[in-house]
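**Q**
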Amino acid sequence: MTVLLLALHGANLTVVPLLLVGVIRKLKARMQNRLGAPLLQPFYDTAKLLRKGETISHTAGWIFLWAPRLGLAVAVIAALLVPWSGAPILGAGGHASDFILILYLLALGKFAALLAAMDTGSAFGGLGASREAALSVLVEPTLAIGLGALALGAHSTDLAVIYASPAIPLVALLAGLALIVAALTELSRMPVDDPTTHLELTMVHEALILENSGRNLALTELAVALRTCIFLGLAVQTLLHAWPRYPGLPLAARCGIGWAGLFGAGAMVAVAEGLLVKLNWRRVPNFIAFGIALSLLAALVAAARG
Amino acid sequence: MSEPGVSGAVAGCYAVAFLLWLIAVAFGVIARRGALRLQALLVGAGSGLLIAAALGGNGTVALPLPWFLGDAPFTFVVDPLSRWFLIITGLVGLAATVFSPGYLLHLRRRVALGLYWSALALLMASMALVVLAANALVFLVAWELMALASFALVAADHEQHAVRQAALVYLGATRAGTAFLMGGFLWAHQLTGSWQFSSWWLSGPAALGPALLIFIGLATKAGCWPFHLWLPIAHPAAPAPVSAVMSGVMIKTAIYAMVRLLVLGHLAAPPIGPLILALGAVSAFWGVLFALLQHDLKRLLAYHSVENIGLIMMGLGLSMVAGHLHLPLLAQIALAAGLFHTLNHALFKSLLFLGAGAVDARTHERDIERLGGLIHRMPWTGACFITGSAAICALPPLNGFASEWLLYQGLLGLAMGGPAGGTRLAGLLLVGWLALVGALALACFVKAVGIVFLGRPRSRPAEQAREATPGMIGAQLFLALACAALGLAAPAVLRFLSQIPGAAGSGAPPLAQVWTLPLPMLLLALAATAAALAGWIAVLSRSRPARRYITWECGFGDLGPRTQYTAASFAQPIGRMFGAVYRYSLDVRVGGRDRRHFPESVAVASTYEPYLETRVYGPLLRWFQRVAGTLVMRLQAGSIHQYLLYMGLALALLLWLGYRA
Chain U
1 MTVLLLALHG ANLTVVPLLL VGVIRKLKAR MQNRLGAPLL QPFYDTAKLL
51 RKGETISHTA GWIFLWAPRL GLAVAVIAAL LVPWSGAPIL GAGGHASDFI
101 LILYLLALGK FAALLAAMDT GSAFGGLGAS REAALSVLVE PTLAIGLGAL
151 ALGAHSTDLA VIYASPAIPL VALLAGLALI VAALTELSRM PVDDPTTHLE
201 LTMVHEALIL ENSGRNLALT ELAVALRTCI FLGLAVQTLL HAWPRYPGLP
251 LAARCGIGWA GLFGAGAMVA VAEGLLVKLN WRRVPNFIAF GIALSLLAAL
301 VAAARG
Chain B
307 MSEPGVSGAV AGCYAVAFLL WLIAVAFGVI ARRGALRLQA LLVGAGSGLL
357 IAAALGGNGT VALPLPWFLG DAPFTFVVDP LSRWFLIITG LVGLAATVFS
407 PGYLLHLRRR VALGLYWSAL ALLMASMALV VLAANALVFL VAWELMALAS
457 FALVAADHEQ HAVRQAALVY LGATRAGTAF LMGGFLWAHQ LTGSWQFSSW
507 WLSGPAALGP ALLIFIGLAT KAGCWPFHLW LPIAHPAAPA PVSAVMSGVM
557 IKTAIYAMVR LLVLGHLAAP PIGPLILALG AVSAFWGVLF ALLQHDLKRL
607 LAYHSVENIG LIMMGLGLSM VAGHLHLPLL AQIALAAGLF HTLNHALFKS
657 LLFLGAGAVD ARTHERDIER LGGLIHRMPW TGACFITGSA AICALPPLNG
707 FASEWLLYQG LLGLAMGGPA GGTRLAGLLL VGWLALVGAL ALACFVKAVG
757 IVFLGRPRSR PAEQAREATP GMIGAQLFLA LACAALGLAA PAVLRFLSQI
807 PGAAGSGAPP LAQVWTLPLP MLLLALAATA AALAGWIAVL SRSRPARRYI
857 TWECGFGDLG PRTQYTAASF AQPIGRMFGA VYRYSLDVRV GGRDRRHFPE
907 SVAVASTYEP YLETRVYGPL LRWFQRVAGT LVMRLQAGSI HQYLLYMGLA
957 LALLLWLGYR A
């Protein structure tokens, strides 16, 4: 059992994140009538970046050097602590998967990433940091209220407990949709940010990592892939939570459905990127307002029923 | 009082600490110059002794003085609550003392240093006395001494017009606050017939009047919205170590009195709890929102004090609300969150103020738009400032996270255990509110660190800055390490805090069990993972070392440091988002003949209107000045006959009063 669990988590850490990125890219390419890069291209890219040399700005100091390492470490720890794939987390019952802790742990990674972007003294870095910080002002309340509404039903702030106990389906549905909006924003996906853009007027995340190259960039990209899994997986698990029988299923079924849901969510991201245009930067708050409204509704239902 | 007196050694510690401070005060008055080192040593030793004494036992002390203060004796009480605040006072006092000599070097021609140390010693002593006072009269005397000493310190650099202005505003605010406080104390005395805090038993509607007056008086000192106006004016004007003491400790004495009288005391007026919670929530948001727009580093930090006072007050208010709802564990958690955050804020805010002071001393520049790149020239100060920023943003595993986590637990506890749907919803909404405030604080400190310490220097002073003196670095390192240690030592802190009886009295489960987070394990895992990644990268980079090159400038060639992002542009997206709160606007003026394609001059300025100042306090102050002007003119007409009449009337009134008694 433990061996199986370890294998699951190993796959979750190594294979699933980059595969998800590959699936999203492939599907998007197919929607645009392109052949697209192979599914495993993100793996090749990472290996290539790790082998290449890197260029560092004269202005940059130790923050720029250490932020990607800290960011990836945070993402790895968070990926181990958050039950995003349906597999029970390692060391459940240790209260390490408290959702406030997870949110602030991820904020630690973001703090490091934003400072690293400012460290090079590039106007792009400042722009990306400013916009990313502004977006997280709207995302954090969405996440906190949505997950708080779920916690209300479980009487615990531990994500491991929350996802193992029954929930009010409506609350889980509303919170799950709110989490999807939050995830799209947090992960700099359409319609908030275009991950393929290189036009400074529209950039958010790409501006943030413009100065990163080689190994530094590889670590950053790996962290982004892990965070994609964490946020999309969390949203999918929340939506699945609306199905009362889901927590009671056997491990294999739970994991299978969880992964299917995750890749389904990835497909949704790809479809959204194929169909939607990027919102004007000034309209982005209106989009996140949907997420905030959904979490407020979840809170309302949870408070009324709790 | 049936409590025993404190043990001889502990009482001796207190006595010696106060004696040392007294000597330090005297030296400044007698020997204007020449005794600075001795004074610093005395102030520091006093702070150290205070910590040692506070770690000792509980008890009461009655000074065997032959005279009373009114009809109240000079009595002091040492209990876990006052000891908690004494520890805070001592820690911050120690850091400020170590920091001061190096910092004052650049002010030595403008500030009377002997008097500075005297006022600092007096401030330390009066803050300790406020916390120890067992009755209202001793409290008020110490409170006034504290106000005067801090006024003198704010006005230390009084050759500058802005400093004089700030000192006056501060004096006015403390006067108004004390007036409310005095009114509340007199009212409570009238109702209970006693000056002793411990015998103020009031409940129901009768308690509301005095409780409200006392609350307003304390909120003014604490800098809670809407009484916070003086805080962002006075704190930047004071020398940095004084800002650290004022922001770290002095405004916390008001928090102490709130806990003593309103939360744990017996002025049980149910509407006060929700009021404190609501004002705390508004303060937290308001403070951070205005902090984001500030370009003066110390003013930015001062607005963050408003924010953090709000967070502390949310804890206190929640504790009172939970007490009324009969949720004893929740009341304890919320109170512990408030008190823990009081200590944490004292540490990281004084750390940040000291960092701002070091930058100020080395660059003579507080406008962050003219700084930049200081981390290369001031590496220690930079690292400490970043640690403090991470702590104030509540990032794990630092201390700010521990107390904010407790506050989250309290609010979620209200959401889970509240008896009515409305209460539960309020709990959840406040959780979202706290997350919003947290994200805003993160944005603000990325801005502060990024603009001041990272990137390239934006002015010559920033380019030529040197690292601070060893004393200044030592003080900052001490506070930074304390921030890191307290996050990991949260269970020990909670054990200390559980000695303080909760708002709902005894019978609650132990507080220490609430803390379930394995923060040390988490830190270990993070450090191990990051180190493993670093090792891997080191192996990889052996074959292909990193190349140093310029920052990407789109191929234009070096455009100079002015092309970097500025603080104003960093804050713009968030400012626009919440523009309705302060009518934010960014004016861009482009000039030149063909300004569409070849602009010759571009000017950008952000403006905002603080409604509270312009729409409420401004008109109020003008009205007051007008009324006072005409009224005082009429009373003081300069006619000797009129003055004789006043004297006669006063004499008659006094005689009548004496006859009646």
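Chains as they are written, first to last, in our numbering: chain U, 1 to 306; chain B, 307 to 967. Glycine included, each C-beta is placed from N, C-alpha and C at the ideal position.
(1) Quick check: what's the CA-CA separation for Gly-420/B versus Gly-777/B?
(2) Could you check what DSSP says for Leu-677/B in three-state terms: helix, strand or coil?
(3) Going straight from the alpha carbon of Gln-715/B to that of Gly-334/B, what length do you get?
(4) With a cut-off of 8 Å, do at least 3 Cβ pairs link the region 675-682 of chain B to the region 718-731 of chain B?
(5) Threshold first: 4 residues or longer. Then list the alpha helix (DSSP H) segments lying entirely within the region 3-44 of chain U, N to C.
(6) Taking Cβ-Cβ distances below 7 Å as the criterion, which residues of the region 902-914 of chain B are in contact with chain U?
(7) Where does the unbroken beta strand (DSSP E) through Ala-87/U begin, and where does it stop?
(8) Can you confirm whether Gln-870/B, when its beta carbon is compared against all beta carbons of chain U, has any partner nearer than 8 Å?
(9) Use the C-beta contact count for Glu-465/B: other C-beta atoms within 10 angstroms, 16 or more gives buried, fewer gives exposed.
(10) Could you have a look at Thr-220/U and say whether DSSP puts it in helix, strand or coil?
(11) Would you kindly check if the distance between the Cβ of Leu-208/U and the Cβ of Gly-258/U is under 8 Å?
(12) Quick one, which residues of the region 278-295 of chain U are near chain B if we go by CB-CB under 7 Å, in chain order?
(13) So Ile-282/B is in the alpha helix (DSSP H); what residue range does that whole segment cover?
(14) Quick check for students: name the residue ranges of the beta strand (DSSP E) that lie wholly in the region 352-415 of chain B, counting only runs of 3 or more.
(15) If the cut is a Cβ gap below 8 Å, which residues of chain B does Lys-48/U touch?
(16) DSSP has Leu-297/U in a bridge; who is on the other side?
(17) Within 8 Å, do at least three Cβ pairs link the region 584-603 of chain B to the region 525-536 of chain B?
(18) Can you name the start and end residues of the beta strand (DSSP E) that Ser-891/B belongs to?
(19) Can you have a look at Pro-545/B and say buried or exposed, based on whether 16 or more other CB atoms are within 10 angstroms of its CB?
(20) Measure from the alpha carbon of Gly-523/B to the alpha carbon of each residue in Trp-501/B, His-541/B, Val-555/B and Ala-563/B, then state which is nearest.
(21) Which whole runs of the alpha helix (DSSP H) in the region 905-938 of chain B are 4 residues long or more, in chain order?
(22) Let me know if Glu-710/B comes out buried or exposed under the rule of 16 or more other beta-carbons within 10 Å of its beta-carbon.
(23) Once you ignore the five residues that flank Pro-538/B on each side, which residues in its own chain have a CB closer than 6 Å to its CB?
(24) Rounded to whole angstroms, what's the CA-CA distance from Glu-671/B to Pro-767/B? Just pull it up for me.
(25) List the residues of chain B whose Cβ lies closer than 7 Å to the Cβ of Phe-111/U, in chain order.
(26) Please name the residue or residues paired with Arg-854/B in a DSSP beta bridge.
(27) Does DSSP put Trp-423/B in a helix, a strand or coil?
(28) Residues of the region 79-105 of chain U with a CB closer than 8 Å to any CB of chain B: list them in chain order, please.
(29) Buried or exposed for Thr-14/U, going by 16 or more other Cβ atoms inside 10 Å?
(30) With DSSP as the reference, label His-572/B as helix, strand or coil.
(31) Can you confirm whether the region 92-103 of chain U touches the region 153-164 of chain U when touching is taken to mean that 3 or more C-beta pairs between the two stretches lie within less than 8 Å?
(32) Determine, using beta carbons only, whether Ala-840/B comes closer than 8 Å to chain U.
(33) Work out the CA separation of Gly-885/B and Phe-691/B for me, nearest whole Å.
(34) Please give me, in chain order, every unbroken run of the alpha helix (DSSP H) with length at least 4 that falls completely inside the region 712-795 of chain B.
(35) Are Ala-513/B and Thr-669/B close, meaning C-beta to C-beta below 8 Å?
(36) Would you mind reading off the limits of the beta strand (DSSP E) that contains Leu-585/B?
**A** This is what the structure holds:
(1) Position 114 of the second sequence holds residue 420/B. Position 471 of the second sequence holds residue 777/B. Those two C-alpha atoms are separated by around 19 Å.
(2) For the purposes of this step, residue 677/B is taken as the residue at position 371 of the second sequence. DSSP places Leu-677/B in the coil class of the three-state scheme, outside both helix and strand.
(3) Translated into the one-based positions of the second sequence, residue 715/B becomes position 409. Translated into the one-based positions of the second sequence, residue 334/B becomes position 28. The alpha-carbon atoms of Gln-715/B and Gly-334/B are separated by roughly 48 Å.
(4) The region 675-682 of chain B makes no contact with the region 718-731 of chain B: fewer than 3 CB pairs, one atom from each, lie closer than 8 Å.
(5) Every alpha helix (DSSP H) of 4 residues or more that sits fully in the region 3-44 of chain U is shown, in chain order, as 16-31.
(6) Answer set for the region 902-914 of chain B: empty.
(7) Translated into positions along the first sequence, residue 87/U becomes position 87. For Ala-87/U, no beta strand (DSSP E) encloses it, and the DSSP letter there is neither H nor E.
(8) Taking the second sequence and counting its residues from 1, one reaches residue 870/B at position 564. For Gln-870/B, at least one C-beta of chain U is nearer than 8 Å to its own C-beta.
(9) On the second sequence, residue 465/B is found 159 positions in, with the first residue counted as 1. By the neighbour-count rule (16 or more Cβ atoms within 10 Å), Glu-465/B is not buried but exposed.
(10) By one-based count along the first sequence, residue 220/U stands at place 220. Helix, per DSSP.
(11) The sequence position of residue 258/U within the first sequence is 258, counting from 1. The sequence position of residue 208/U within the first sequence is 208, counting from 1. Cβ atoms of Gly-258/U and Leu-208/U: not closer than 8 Å.
(12) Flagged, chain order: Pro-285.
(13) In this structure chain B extends from 307 to 967, so residue 282/B is not present and cannot be described.
(14) Runs found: 365-368 and 381-384.
(15) As a position in the first sequence, residue 48/U is number 48, starting the count at 1. Result: empty, since nearest Cβ-Cβ is about 12 Å, beyond 8 Å.
(16) Here residue 297/U refers to the residue found at position 297 of the first sequence. DSSP lists no partner for Leu-297/U.
(17) Contact holds between the region 525-536 of chain B and the region 584-603 of chain B, because three or more Cβ pairs, one in each stretch, are under 8 Å apart.
(18) In the second sequence, residue 891/B corresponds to position 585, counting from 1. 891-897 is the span of the beta strand (DSSP E), which, as asked, contains Ser-891/B.
(19) For the purposes of this step, residue 545/B is identified with residue 239 of the second sequence, where counting begins at 1. Burial call: buried.
(20) Here the question's residue 523/B lines up with position 217 in the second sequence. In terms of Cα proximity to Gly-523/B, the closest of Trp-501/B, His-541/B, Val-555/B and Ala-563/B is Ala-563/B.
(21) Runs found: none.
(22) The sequence position of residue 710/B within the second sequence is 404, counting from 1. Glu-710/B sits buried, since 16 or more C-beta atoms from the chains shown fall within 10 Å of its C-beta.
(23) The sequence position of residue 538/B within the second sequence is 232, counting from 1. Cβ within range, chain order: Arg-605, Ala-608 and Tyr-609.
(24) Here residue 671/B refers to the residue found at position 365 when the second sequence is read from its first residue. Here residue 767/B refers to the residue found at position 461 when the second sequence is read from its first residue. Whole-angstrom Cα-Cα distance: 8 Å.
(25) Sequence index remark: in the first sequence, residue 111/U carries index 111 (1-based). Within chain B, the residues Ala-696, Cys-699, Leu-701, Leu-748 and Val-752 have their CB atoms less than 7 Å from the CB of Phe-111/U, given in chain order.
(26) Here residue 854/B refers to the residue found at position 548 of the second sequence. For Arg-854/B, DSSP records a beta bridge to Ile-56/U.
(27) For the purposes of this step, residue 423/B is taken as the residue at position 117 of the second sequence. Trp-423/B falls in the helix class under three-state DSSP.
(28) So the close ones are Gly-94, His-95, Ala-96, Asp-98, Ile-100, Leu-101, Leu-103, Tyr-104 and Leu-105.
(29) On the first sequence, residue 14/U is found 14 positions in, with the first residue counted as 1. Residue environment analysis places Thr-14/U among the exposed positions, since fewer than 16 neighbouring C-beta atoms fall within 10 angstroms of its C-beta.
(30) In the second sequence, the residue the question calls residue 572/B occupies position 266. Here His-572/B sits in strand by DSSP.
(31) Segment contact: the region 153-164 of chain U against the region 92-103 of chain U, three or more CB-CB distances shorter than 8 Å; contact assigned.
(32) Translated into positions along the second sequence, residue 840/B becomes position 534. Yes, Ala-840/B counts as interfacial toward chain U.
(33) If you number the second sequence from 1, residue 691/B lands on position 385. If you number the second sequence from 1, residue 885/B lands on position 579. Straight through space, the alpha carbons of Gly-885/B and Phe-691/B are spaced by roughly 29 Å.
(34) Fully enclosed alpha helix (DSSP H) runs of 4 or longer: 727-759, 766-769 and 776-794.
(35) Mapped onto the second sequence, residue 513/B falls at position 207. Mapped onto the second sequence, residue 669/B falls at position 363. No, Cβ-Cβ distance for Ala-513/B and Thr-669/B is not below 8 Å.
(36) In the second sequence, residue 585/B corresponds to position 279, counting from 1. Here Leu-585/B belongs to no beta strand (DSSP E); instead the alpha helix (DSSP H) covers 578-597.
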